[in-house]
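Asks: Submitted below is the structure of interest, expressed as structure tokens.
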């Protein structure tokens with residue numbers, strides 16, 4: 001059928017044809033001589049990220065921690081200037097994925113269907129920020145958000161594994177929030193910060209530097225709650241930066257063989273999250289979850305600290321976490337220094 005006649009077909013029929021064509025092209029690509037075996041990883045990390053997006057992450061086995069670590073989301077590089085407050089978009093692997101479909105160049109309607117097909121196969125992309133004083137001269141300045149339909153966004157930084165993230169150092173929580181909003185818009189609901197850091201660098205090696213808000217901890221930094229007034233047992237940090245520890249939950253979190261765990265770890269993490277939420281509440285009004293995954297090594301083993309928080313009426317609620325870790329791991333982390 002000539003393309004001139006195709007454009008005269010009913011819209012519903014055209015949409016069905018484009019949808020079927022996208023599925024066929026994806027299957028054709030996966031059977032190509034370059035990557036003929038769907039179940040085997042590609043030799044390069046970039047090609048592997050494209051392969052995983054095409055086959056769908058639900059097709060990747062997750063029955064062991066080793067296999068889970070093989071999941072590799074698509075990357076979006078952004079260049080941030082500390083001097084001019086300008087942003088530049090670098091390589092966008094989601095657009096690379098869309099461009100693998102030759103039909104994406106046929107017309108605007110076809111590209112929209114390919115984009116929709118690819119978008120349905122990924123949960124999010126991970127932002128790789130490059131923060132420097134001056135920006136490269138060969139990239140255009142970002143004028144508007146590039147991916148506005150992703151409710152979940154991941155940011156990846158690294159000071160230890162250059163292959164796993166950029167060595168970006170946000171100057172403040174406001175800078176982190178500003179970059180997210182300008183790249184993804186203000187409609188995101190969940191932000192994941194995936195960070196690699198060297199052992200014994202302190203929390204400032206992962207987060208932004210120490211700030212005046214946290215210059216001195218309150219003399220009464222903890223409040224042990226005997227009877228919770230809310231329905232679900234949870235720790236929380238109030239607007240006056242007091243960490244409220246729910247007694248029943250606290251006792252259940254104590255590691256086996258210990259009589260207590262050091263509450264300074266959860267206090268300092270909650271203080272950093274409080275800084276973030278204060279910066280995000282207006283710029284990202286739909287944000288519901290802030291999740292941090294901090295990775296480092298201890299005696300040649302990868303150690304991951306996870307913390308998820310929510311924010312309401314000035315209160316930071318401590319959600320899913322694995323903060324009650326053993327003292328030796330915590331000291332290796334340098335968590336007791338800011």
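In the UniProt record's numbering, the protein residues as written are 1 to 338. Note that the Cβ used here is the ideal one computed from N, Cα and C, for glycine as well.
Can you name the residues that DSSP bridges to residue 80?
Replies: Residue 80 pairs with 87, 131.
Asks: Go through the region 247-320 residue by residue and report every complete run of the beta strand (DSSP E) that reaches 3 residues or more, in order.
Replies: If we require 3 residues or more, the beta strand (DSSP E) runs fully inside the region 247-320 come out as 289-298, 301-312.
Asks: Could you work out which residue in 153, 110, 298 is closest to residue 20 when comparing CA atoms only?
Replies: Of the candidates 153, 110, 298, the one whose C-alpha sits nearest the C-alpha of residue 20 is 110.
Asks: Is residue 274 near residue 316, with beta carbons less than 7 Å apart?
Replies: Yes; because the gap between Cβ atoms is below 7 Å, this pair is in contact.
Asks: Assuming the contact rule is C-beta atoms closer than 8 Å, residue 124 and residue 114 should be a hit. Round their C-beta distance to whole Å, please.
Replies: So it is not a contact: roughly 19 Å between Cβ atoms.
Asks: Which of the three DSSP states is assigned to residue 225 in this structure?
Replies: Three-state result, residue 225: strand.
Asks: Using a Cβ distance threshold of 8 Å, determine whether the region 40-50 contacts the region 141-148, with at least three qualifying pairs required.
Replies: Contact fails: fewer than three Cβ-Cβ distances are below 8 Å.
Asks: Alpha carbons only, please: which of 235, 302, 176, 241 is nearest the one belonging to residue 279?
Replies: Residue 176 is the option with its Cα nearest to residue 279.
Asks: Determine the closest residue to residue 93 out of 112, 72, 107, 190, with distance taken between C-alpha atoms.
Replies: Minimum Cα distance to residue 93 is reached at 72.
Asks: Can you round the beta-carbon distance between residue 245 and residue 222 to whole angstroms, since I take them to be within the 8 Å contact cut?
Replies: Going by Cβ atoms, the distance from residue 245 to residue 222 rounds to 6 Å, so yes, they are a contact pair.
Asks: Taking DSSP's pairing of strands, which residues face residue 98 in a bridge?
Replies: Residue 98 is not bridged to any residue.
Asks: Relative to the C-alpha of residue 313, which candidate in 89, 59, 83, 238 has its C-alpha closest?
Replies: When only C-alpha atoms are compared, the closest one is 238.
Asks: Is it buried or exposed for residue 318, if we count other Cβ within 10 angstroms and need 16 for buried?
Replies: Under this definition residue 318 is a buried residue.
Asks: In terms of residue numbering, what span does the alpha helix (DSSP H) encompassing residue 158 cover?
Replies: Counting along the chain, residue 158 falls outside any alpha helix (DSSP H), though it belongs to the beta strand (DSSP E) covering 152-158.
Asks: On the three-state DSSP scale, how would you describe residue 244?
Replies: Here residue 244 sits in strand by DSSP.
Asks: Short check: CB of residue 157 to CB of residue 168, under 7 Å?
Replies: It is a contact, given that the beta carbons lie within the stated cut-off.
Asks: For residue 159 versus residue 197, is the C-beta spacing smaller than 7 Å?
Replies: Yes, the pair counts as a contact, with Cβ atoms nearer than the cut-off.
Asks: Residue 86: buried (16+ other C-beta within 10 angstroms of its C-beta) or exposed?
Replies: That one is exposed.
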